[in-house]
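Remarks on the structure that follows.
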Amino acid sequence: MLIKKMKNIIKNSKGFTLIELLVVIAIIAVLAVAVILTLNPAELLKQARDSTRISDVSTLKSAISLYLADVTSPTIGSSTSPLMGYISVASSSMTALCNFRFTKTTFCQNNNNAAFGVDGSGWVPVNFTAISSGAPIGNLPRDPSNTAPGGNVSSTNLFYSYTASTTVLTFELDAKMESSKYAAGAANVESVDGGDKVDIYEVGTNLTL
């Protein structure tokens with residue numbers, strides 16, 4: 001009797017129809033598109049890179065400040081006028097025009113792809129190994145994208161830049177944001193950093209170099 005009832009239940013049970021399956025698939029597809037549009041993965045990746053940029057220049061600022069406080073006769077950059085700038089990306093010229101990053105600095109240099117040492121040979125010409133407690137960083141950071149197609153730097157490229165005056169011992173570090181959030185959105189850091197470039201994130205002891 002029990003076996004007969006079970007056979008009847010199995011016989012009378014229905015699976016999903018093709019239409020029902022198509023409806024479910026369509027709903028899942030719509031939800032997936034909605035999630036992608038809401039989260040915007042490309043923007044999230046840009047925000048992650050911008051967070052790295054903010055952290056990197058902050059780390060460099062702290063390292064240079066420690067160097068200035070610890071070393072008796074510090075050398076942090078150019079003593080010429082106009083000041084020389086330095087960039088984290090390899091350029092095709094030792095004197096790449098970069099006045100779009102700085103006000104008192106016309107040219108930037110770095111034609112060395114491996115210029116990330118902390119002994120003064122890196123793109124930031126500061127010998128961090130001279131600090132009595134040792135270099136606070138192992139290597140100079142580079143921009144997450146670090147782009148300069150063909151070695152030609154421009155205002156749209158993503159790289160770190162640095163300039164300083166050894167005469168008065170002031171410096172400026174710059175990075176360009178790429179996400180909507182950090183470049184112009186709710187967490188905008190470029191136009192509110194106190195610097196003289198509204199489209200560049202600037203930190204340091206003199207933001208008008």
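Numbering (UniProt numbering), first residue to last: 1 to 209.
We treat Cβ as the ideally placed atom computed from N, Cα and C, and that holds for glycine.
Owing to the predicted nature of the structure, the values given are computational and were not obtained by experimental measurement.
Best match in the options for proximity to residue i [C-alpha to C-alpha]
| i | options | result |
| --- | --- | --- |
| residue 52 | 208, 206, 205, 201 | 201 |
| residue 116 | 127, 140, 105, 99 | 140 |
| residue 176 | 66, 134, 50 | 50 |
| residue 132 | 19, 68, 23 | 68 |
| residue 146 | 123, 188, 127 | 123 |
| residue 180 | 28, 26, 20, 41 | 41 |
DSSP bridge partner residues for residue i (one or two, in chain order)
| i | result |
| --- | --- |
| residue 204 | 172 |
| residue 162 | 86, 173 |
| residue 98 | According to DSSP, residue 98 bridges with nothing at all. |
| residue 107 | 84, 97 |
| residue 78 | 165 |
| residue 119 | 127 |
For residue j and residue i, believed in contact at Cβ under 8 angstroms, the rounded distance
| i | j | result |
| --- | --- | --- |
| residue 244 | residue 57 | Since the first residue shown for the chain is 1 and the last is 209, residue 244 is missing from the structure and cannot be characterised. |
| residue 161 | residue 108 | 6 angstroms |
| residue 156 | residue 85 | The Cβ separation is near 17 angstroms, so there is no contact. |
| residue 103 | residue 196 | 5 angstroms |
| residue 193 | residue 207 | 7 angstroms |
Outcome for residue i when other beta-carbon atoms lying within 10 angstroms are tallied against a minimum of 16
| i | result |
| --- | --- |
| residue 118 | buried |
| residue 72 | exposed |
| residue 167 | exposed |
| residue 154 | exposed |
| residue 63 | buried |
| residue 174 | buried |
| residue 148 | buried |
| residue 25 | exposed |
| residue 170 | buried |
Query raised in the report: Three or more C-beta pairs closer than 8 angstroms, one from the stretch 180-187 and one from the stretch 73-87: is that the case here?
Result: no
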